[in-house]
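In what follows, a single structure is set out as structure tokens and then discussed.
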Amino acid sequence: MDGRPYFITVEEAQTITFQTPPSLNVDTIPIDAGSNRVLAEDLPSQVNDPPFDNSAMDGFACRFDPEATYPLTLEIVGLQAASGVNDAIDVKAGQAVRIMTGAPMPPGTDAILPIERCNVEGNRVTFMEAPKPHFVRKMGENLKKDAVALTKGMQLTPSRIGLCATMGYATVPVYRRLRIGIVSTGDELKSPGESLKHGEIYESNSFGLAGLVEWSGHEPVRFPAVADSMEALRTTLNEAKATCDLILTSGGVSMGEFDYVRRLMEEEGDVHFWRMKIRPGSPPLFGLWDGTPLFGLPGNPVSSHVVFRMLVAPYLRHALGSDGPKEWTVRAKLCDPVKSTNDCVTLRRVTLTSTEEGMMAHQPRHQGSGNLESLASASGLTLLQPGQSGEAGEWIDVLVL
Ligand code: AMP
Ligand code: MG
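Heads up: the sequence shown at position 6 corresponds to 5 in numbering that gives the first Met the number 0, and the numbers run straight through without jumps.
Take a look at the structure:
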């Protein structure tokens, strides 16, 4: 590898990839289209939230009188609905206004008694207890005008999209979704739906990786699987480079005779590192194909998924300065032993269950890196550090899938 980093830690690999980010663009889009997009600017609120003092309850509004005793009968002088201000109302001592949740507090009122604690007879209402000032939602108590509640890099979750609207934004500036080319390699690969000859398998990585790209908030561009030849691979990488911001390949990066991704990248591309200290998934490479960043992911289906989570997802979050999609790590007790190593992070598939003692991690399945079923039925990946024993009973970090 003539001086290039070789068999490095996951952190070292991440640091190297962060130095070669994809190029970014910003679009302004309607908030309806904002789900999972990443804000490209801070958003200061255009209004106070709430914009005016209003009632938190259906009930009666009146002026709070610290001297009053209860039950207390007041005269009903109006009705305040949850829109507009009823200008006819000016509430004096001894009077009350029927009010709906969210309605502006009528002039002269500062306290609410919920309707359940009131007895109404004709144009009179009897308060069974004192009205409460805390049932008034004060102007700006959630958010002051110009306060920055959503910052650049935040991924727009449903509640954040709602908050954009609350703050008065019909459109928002977001990073354009990266177009991410996905290129599977291997002579043995056939598309699902075709018939298989002996020695052939269905190509699954490009579909799984496309799902991961969408989960990351970007746009997958799946290419047909490429045969194991330098020419075919060169042609497809050139197509991908012309139309995509980033390329993911799968297969062809280990020590086999036909591992042409690595050979082509070494001979005609620019390899920034090859291999890292994780199991499964040790042979990934990262570099540039004619100026476009490229991750060479391993061919084994579990490995390609694991390396995406450990390398590509952090790279995409770092490029956009994004806080999503959020990765959760939990402490869990290993219920079955996991074979650890002295130099690699070991990512085995586990099923998590929540108990009174805490999270329990079971490893019910055969763990070959070609066994995609073991990933599909798992809820977490062990983050077993180099040198950790992996014995049953040990508490370890687990990445939630
Ligand atoms: P490779 O890294 O190319 O040596 O592939 C390692 C293993 O993963 C081999 O068993 C391949 O058949 C399998 N494999 C490679 N690419 C894919 C793919 N796109 N879908 C499913 N299996 C694959
Ligand atoms: Mg192959």
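Heads up, the beta-carbon is just placed ideally off N, CA and C, and yes, glycines get one too.
Cβ-heavy atom distance, Gly298 to ligand 1, below 7 Å: yes
Same chain, Cβ closer than 6 Å to Arg221, neighbours up to 5 away in sequence not counted: Ile181, Ser205, Ala209
Stretch-stretch touch, CB-based, cutoff 8 Å, three pairs: the stretch 346-354 with the stretch 1-17: no
In chain order, each alpha helix (DSSP H) run of at least 4 residues that lies wholly inside the stretch 241-278: 259-267
Residues near Asn47 in its chain [Cβ-Cβ closer than 8 Å; skip 5 each side]: Met138, Gly139, Leu142, Lys143, Lys144
Start and end residues, beta strand (DSSP E) containing Gln94: 94-98
Inter-stretch contact (C-beta, 8 Å, three-pair minimum) for the stretch 331-342 and the stretch 379-394: yes
Alpha-carbon spacing of Asp26 relative to Ala102, whole angstroms: 37 Å
N-terminal and C-terminal residue of the beta strand (DSSP E) that Val119 is part of: 117-120
Phe307 CB to nearest heavy atom of ligand 2 below 7 Å: no
Own chain, CB closer than 8 Å to Cys406, minus 5 neighbours either side, in chain order: No answer is possible for residue 406: it lies beyond the span of the chain, which begins at 0 and ends at 400.
Inside the stretch 298-347 only - alpha helix (DSSP H) runs reaching at least 4 residues: 300-306, 312-319
Leu188 beta carbon near ligand 1 (any heavy atom closer than 7 Å): yes
Classification of Ser190 by the beta-carbon crowding that lies within 10 angstroms, buried from 16 upward: exposed
Euclidean distance between Cα positions of Ser373 and Met275: 23 Å
Residue from Thr170, Ser321, Arg330, Ile30 with nearest C-alpha to Glu356: Arg330
Per-residue burial, Glu115 [other beta carbons within 10 Å of its own, 16 or more giving buried]: exposed
Pair within 8 Å by beta-carbon distance, Gly295 and Pro283: yes
Sufficient close CB pairs (3 or more, under 8 Å) joining the stretch 254-265 to the stretch 227-234: yes
Closer than 7 Å: Phe222 CB and nearest ligand 2 heavy atom: no
Proximal residues to Ile7 (C-beta, below 8 Å), its chain only, five neighbours per side dropped: Ile15, Phe272, Arg274, Met275, Lys276
For Ile395, the three-state DSSP class (helix, strand or coil): strand
Span of the beta strand (DSSP E) around Glu10: Premise fails: Glu10 lies in the alpha helix (DSSP H), 9-17, not in any beta strand (DSSP E).
Span of the beta strand (DSSP E), counted from its first residue to its last, around Glu218: 218-221
Per DSSP, the bridge partner or partners of Arg178: Glu218
When Glu326, Ile88, Leu71 are compared against Gln79, the one with the closest alpha-carbon: Ile88
Three-state secondary structure assigned by DSSP to Asn53: strand
Under the three-state DSSP convention, the category Phe206 falls into: helix
When Leu245, Gly280, Glu238, Thr242 are compared against Val252, the one with the closest alpha-carbon: Gly280
Unbroken stretches of the beta strand (DSSP E), 3 residues or longer, contained in the stretch 56-110: 58-61, 71-79, 94-98
Unbroken alpha helix (DSSP H) run spanning Ile160, endpoints: 157-165
Span of the beta strand (DSSP E) around Leu296: 291-296
Backbone CA spacing between Thr354 and Ala360 [nearest angstrom]: 11 Å
C-alpha distance - Asn24 paired with Ala95, whole-angstrom precision: 56 Å
Proximity test, Asp406 beta-carbon vs ligand 2 heavy atom, cut-off 7 Å: Nothing in the structure corresponds to residue 406, since the chain is present only between 0 and 400.
Beta bridge counterpart(s) of Asp26 as assigned by DSSP: Val173
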